[in-house]
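Asks: In the order they appear, the protein sequences are chains A and B. All you need for our numbering is the position in the first sequence, starting with 1, plus 257. All you need for our numbering is the position in the second sequence, starting with 1, plus 257. Quick reminder that beta carbons are idealized off the backbone N, C-alpha and C, glycines included. From a predicted model like this one, the values you see are computed outputs, not experimental measurements.
2 protein chains.
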Amino acid sequence: MMPSADVVLRKTIEIPAEPEKRVRNRAATEQAILDAAKRLLAEEGFQNFGINAVARGAGCDKQLIYRYYGGLDGLVEAIGADLGSWVQDRIPDDTGGMFLLTYGDLMERLALLFLDALRADPLMRRIVAWEVSENTEQVRRLSEARSKALAGWIERMRGSLTPPKGIDAVAVNAMIFAAIQHLVLSAGVSGQCAGLALKTAKDWEKAATALKRIVRGVYG
Amino acid sequence: MMPSADVVLRKTIEIPAEPEKRVRNRAATEQAILDAAKRLLAEEGFQNFGINAVARGAGCDKQLIYRYYGGLDGLVEAIGADLGSWVQDRIPDDTGGMFLLTYGDLMERLALLFLDALRADPLMRRIVAWEVSENTEQVRRLSEARSKALAGWIERMRGSLTPPKGIDAVAVNAMIFAAIQHLVLSAGVSGQCAGLALKTAKDWEKAATALKRIVRGVYG
DNA sequence: CTTGCTATTCACCGGCTGGTGACAGGTAGG
DNA sequence: CCTACCTGTCACCAGCCGGTGAATAGCAAG
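1. Within the 7 Å Cβ cut-off, does B/Arg403 reach chain A?
2. How many Å lie between B/Thr466 and B/Leu440 at the Cα?
3. According to the neighbour-count rule (16 or more other Cβ atoms, all chains shown, within 10 Å of its Cβ), is A/Ala458 buried or exposed?
4. Taking B/Ile411 as the reference, give the member of B/Trp343, B/Gly477, B/Ser447 and B/Asp350 with the closest Cα.
5. Between the alpha carbons of B/Ala285 and A/Thr393, how many angstroms are there, rounded?
6. Indicate the three-state DSSP secondary structure (helix, strand or coil) for A/Gln438 in the structure shown.
7. Quick test of your reading: A/Ile348 and A/Ala315, contact by CB under 8 Å. State the CB separation rounded to the nearest angstrom.
8. Using Cβ-Cβ distances below 8 Å, what residues of the region 419-431 of chain B are close to chain A?
9. Which word fits B/Asn430, buried or exposed, when buried means at least 16 other C-beta atoms lie within 10 angstroms of its C-beta?
10. Pick helix, strand or coil for B/Gln304, following the three-state DSSP scheme.
11. Answer with buried or exposed for A/Val280, where buried requires no fewer than 16 other C-beta atoms within 10 angstroms of its C-beta.
12. I'd like to confirm the pairing. Which residues does DSSP put opposite A/Cys450 in its beta bridges?
13. Output the distance between the C-alpha atoms of A/Ala294 and A/Arg313, rounded to the nearest integer angstrom.
14. Are the C-beta atoms of A/Cys317 and some chain B residue less than 7 Å apart?
15. Does the Cβ of A/Arg403 have 16 or more other Cβ atoms within 10 Å, making it buried, or fewer, making it exposed?
16. With DSSP run on the structure shown, which of helix, strand or coil describes A/Phe356?
17. For B/Asn309, which three-state DSSP category applies?
18. As a quick exercise: from B/Leu367, B/Asp330 and B/Glu401, pick the residue whose alpha carbon is nearest that of B/Ile308.
19. Does the distance from the CB of B/Arg398 to the CB of B/Gly302 come in under 7 Å?
20. Helix or strand or just coil, what does DSSP make of A/Thr466?
21. Look at the Cβ atom of A/Val427, then the Cβ atom of B/Leu453, and state whether they are nearer than 7 Å.
22. Whose CA, out of B/Glu391, B/Ala338, B/Lys319 and B/Tyr323, lies closest to the CA of B/Lys405?
23. If the cut is a Cβ gap below 8 Å, which residues of chain B does A/Asn333 touch?
24. In three-state DSSP terms, what is B/Arg397?
25. Kindly say whether A/Gln438, judged by its beta-carbon, lies nearer than 7 Å to any beta-carbon of chain B.
26. Taking only the alpha-carbon atoms, compute the straight-line gap between A/Leu380 and A/Ala374 and give it to the nearest angstrom.
27. With A/Arg473 and A/Glu365 assumed to form a contact (beta carbons below 8 Å), what rounded beta-carbon distance in angstroms separates them?
28. Assign A/Ser417 to one of two classes, buried (16 or more other C-beta atoms within 10 Å of its C-beta) or exposed (fewer than that).
29. Cβ closer than 8 Å: which chain B residues qualify as neighbours of A/Lys469?
30. Does the distance from the CB of B/Ala368 to the CB of B/Ile424 come in under 7 Å?
31. Note the first and the last residue of the continuous alpha helix (DSSP H) segment covering B/Ser417.
32. Looking at chain B, which residues of the region 362-379 of chain A have a Cβ within less than 9 Å of any of its Cβ atoms?
33. Cβ closer than 8 Å: which chain A residues qualify as neighbours of B/Asn392?
34. Tell me which residues share the same chain as A/Asp460 and place their Cβ nearer than 7 Å to its Cβ, disregarding the 5 neighbours each side in the sequence.
35. By a C-beta neighbour count over all protein chains shown, 10 Å radius and 16 as the cutoff for buried, is A/Glu462 buried or exposed?
36. What does B/Gly307 reach in chain A if we use C-beta pairs closer than 8 Å?
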């Protein structure tokens, strides 16, 4: 189908095709802004994340962001509020029908679940990258929301299992989760990490195997 | 000592204290620019790293950066060139008088050395954070220089030791180095990582212990 | 001194940013 | 009808950014 002459004309001189008659609906607009913000952050990263960009993405005036969210800070906080539900939506909260008999079973499963969840969620990756790049109030709030949600998830999954005596589980687990986060971040940006290619499914299987081996090496 | 009145005045109305009579010395200016760039990147991060900021930091006109380095890209490349020497300056190239008998001995030592070296070098930390936040040509070059230098160091230290059969050392080592990098980055920004405080020397001892445990768990 | 080269600075551009005040348009109540 | 409110838009500001062309200041040789 050829575009009609007036469409071409409109495109050329930048008249919006059909004014779209933006319905006057605050709730919908708020949602559109929030969605645009999350989409922008996920796709473009925090670098060019600003009031103007979000407004452009939401197709509305930036003034509305100030009105409805009190500026970028408030908007970021709203994103953080969603993070709580992220964990619940994206990571299974049960044991997947398995019986986790030992702390090692648990940690292996948590590590693999977290790896996959993070791999599947660009927004979360951007936030993690943001966390290690800046230390503004904005990021701190976001970071806190994320870590809280994550800690809650782990706590729920842990059940009554306790780490083996003589092992500083907090420190070890911090290293394990740090490894996962950096691996996924690096892969998301450059498709590899420390010489390990991370593109194909096979690559990721290798990584998962290594991860399991590490967890099992510590927790048996 | 109280600042003299004219110092106060100068500070207030922003007249440079003593025109400084910048000597006409290209080599010195180039060095000043490079130093300013590294200092800026290390102290402020890549966020506000730009031509104007570097020129301000070096106390010269940005035009000189274009002339001498061909713009920011060239300057970044010059920083990358220094990275090669970083490893040699900051990480011992010998075994520290120890005899590394096993691959496990080797990896434990490498991990701990790398941890300390990264902790001590804010510039390197910023670069790593940059690497996982952006994927521009600039960063790719920098990243490549860094990983090359690192790989070379590891290769030199490795000597004739080989990993145990049946273990995907590339993948496992990638996870270990990823863990170290994320841990140090997170600590540098927020003083903690995944609930593990990382401020005092004692905190870091815990981390080091966990790291050793992980390495030993895999490589024995 | 004059000529020429080089190091350095200056002035200016367009474009984007965050932020704000005034205005337009639809919708409800009196 | 008019009024009052709410949603959305527009125009404009100062400030910074990267980038560039032209002018200036110091040195060195003829």
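Replies: The answer reads as follows:
1. In the second sequence, residue 403 of chain B corresponds to position 146, counting from 1. Not closer than 7 Å to any Cβ of chain A, the Cβ of B/Arg403 fails to qualify, so no.
2. Here the question's residue 466 of chain B lines up with position 209 in the second sequence. Here the question's residue 440 of chain B lines up with position 183 in the second sequence. If I take the Cα positions, the gap works out to 14 Å.
3. Residue 458 of chain A sits at position 201 when you count from the first residue of the first sequence. The residue in question, A/Ala458, is exposed, as its Cβ has fewer than 16 Cβ neighbours within 10 Å.
4. Within the second sequence, residue 411 of chain B is the residue found at index 154, counting from 1. Among B/Trp343, B/Gly477, B/Ser447 and B/Asp350, the Cα nearest to that of B/Ile411 is on B/Asp350.
5. Within the second sequence, residue 285 of chain B is the residue found at index 28, counting from 1. Within the first sequence, residue 393 of chain A is the residue found at index 136, counting from 1. If you take the alpha carbons of B/Ala285 and A/Thr393, they lie about 35 Å apart.
6. Here residue 438 of chain A refers to the residue found at position 181 of the first sequence. The answer is helix: DSSP assigns A/Gln438 an H, G or I state.
7. One-based indexing of the first sequence puts residue 348 of chain A at position 91. One-based indexing of the first sequence puts residue 315 of chain A at position 58. Your pair A/Ile348 and A/Ala315 does not check out as a contact, with CB atoms roughly 29 Å apart and the cut at 8 Å.
8. Within the region 419-431 of chain B, the qualifying residues are Ile424, Asp425, Val427, Ala428, Val429, Asn430 and Ala431.
9. Taking the first residue of the second sequence as position 1, residue 430 of chain B is located at position 173. Here B/Asn430 is buried: its Cβ has 16 or more other Cβ atoms, across all protein chains shown, within 10 Å.
10. The count along the second sequence starts at 1 and reaches residue 304 of chain B at position 47. Coil, per DSSP.
11. Residue 280 of chain A sits at position 23 when you count from the first residue of the first sequence. Counting C-beta atoms within 10 angstroms of its own C-beta, A/Val280 has fewer than 16 neighbours from the protein chains shown and is therefore classed as exposed.
12. Within the first sequence, residue 450 of chain A is the residue found at index 193, counting from 1. Looking at the DSSP assignment, A/Cys450 forms a beta bridge with A/Leu453.
13. The residue you call residue 294 of chain A lines up with position 37 of the first sequence. The residue you call residue 313 of chain A lines up with position 56 of the first sequence. The straight-line gap separating the alpha-carbon atoms of A/Ala294 and A/Arg313 is approximately 10 Å.
14. As a working mapping, residue 317 of chain A is identified with position 60 in the first sequence. So no, A/Cys317 is outside the interface.
15. Residue numbering aside, residue 403 of chain A sits at position 146 when the first sequence is read from its first letter. Flag for A/Arg403 reads buried.
16. Working through the first sequence from its first residue, we reach residue 356 of chain A at position 99. Here A/Phe356 sits in coil by DSSP.
17. Looking up residue 309 of chain B in the second sequence gives position 52. Correct three-state label for B/Asn309: helix.
18. Stepping through the second sequence from its first residue, residue 308 of chain B is reached at position 51. Taking each of B/Leu367, B/Asp330 and B/Glu401 in turn and checking the Cα distance to B/Ile308, the smallest one comes out for B/Asp330.
19. Working through the second sequence from its first residue, we reach residue 398 of chain B at position 141. Working through the second sequence from its first residue, we reach residue 302 of chain B at position 45. Contact flag unset, no.
20. Locating residue 466 of chain A in the first sequence gives position 209, where the first residue counts as 1. A/Thr466 falls in the helix class under three-state DSSP.
21. Within the first sequence, residue 427 of chain A is the residue found at index 170, counting from 1. Within the second sequence, residue 453 of chain B is the residue found at index 196, counting from 1. Yes, Cβ-Cβ distance for A/Val427 and B/Leu453 is below 7 Å.
22. As a first step, residue 405 of chain B must be located in the second sequence, where it is residue number 148. Looking at the Cα atoms, B/Ala338 is the closest of the given residues.
23. Locating residue 333 of chain A in the first sequence gives position 76, counting from the first residue. Sequence inspection shows Val at residue 333 of chain A; the Asn mentioned does not correspond to that position. Proximity of chain B to A/Val333 at the Cβ level (cut-off 8 Å) is not reached, the minimal Cβ distance being about 16 Å.
24. Counting from 1 along the second sequence, the entry for residue 397 of chain B is found at position 140. Three-state DSSP puts B/Arg397 in a helix.
25. Here residue 438 of chain A is taken as the residue at index 181 of the first sequence, counted from 1. Contact with chain B is found for A/Gln438, since one of that chain's Cβ atoms lies less than 7 Å from the residue's Cβ.
26. Counted from its first residue, the first sequence places residue 380 of chain A at position 123. Counted from its first residue, the first sequence places residue 374 of chain A at position 117. Their Cα atoms are separated by approximately 11 Å.
27. Counting from one through the first sequence, the residue named residue 473 of chain A turns up at place 216. Counting from one through the first sequence, the residue named residue 365 of chain A turns up at place 108. Indeed they touch by this definition, with Cβ atoms about 7 Å apart.
28. Counted from its first residue, the first sequence places residue 417 of chain A at position 160. It counts as exposed.
29. For the purposes of this step, residue 469 of chain A is identified with residue 212 of the first sequence, where counting begins at 1. Going along chain B, no residue has its Cβ under 8 Å from A/Lys469, so there is no contact; the nearest lies around 10 Å.
30. Working through the second sequence from its first residue, we reach residue 368 of chain B at position 111. Working through the second sequence from its first residue, we reach residue 424 of chain B at position 167. Not in contact: B/Ala368 and B/Ile424 (Cβ atoms no closer than 7 Å).
31. Taking the first residue of the second sequence as position 1, residue 417 of chain B is located at position 160. Element bounds for B/Ser417: n/a, residue is neither H nor E.
32. For the region 362-379 of chain A, the beta-carbon criterion of a distance under 9 Å to any beta-carbon of chain B is satisfied by none of its residues.
33. The residue labelled residue 392 of chain B in the question sits at position 135 within the second sequence. Here the neighbours are Val446 and Ser447.
34. Translated into the one-based positions of the first sequence, residue 460 of chain A becomes position 203. Annotation for A/Asp460: Ala454 place their beta carbon closer than 7 Å to its own, counting only its chain and skipping 5 residues before and after.
35. The sequence position of residue 462 of chain A within the first sequence is 205, counting from 1. Taking a 10 Å sphere around the C-beta of A/Glu462, we find fewer than 16 other C-beta atoms and assign the residue as exposed.
36. Reading the second sequence from its first residue, position 50 is the one you call residue 307 of chain B. Under a criterion of Cβ atoms nearer than 8 Å, no residue of chain A is adjacent to B/Gly307; the nearest Cβ is some 12 Å distant.
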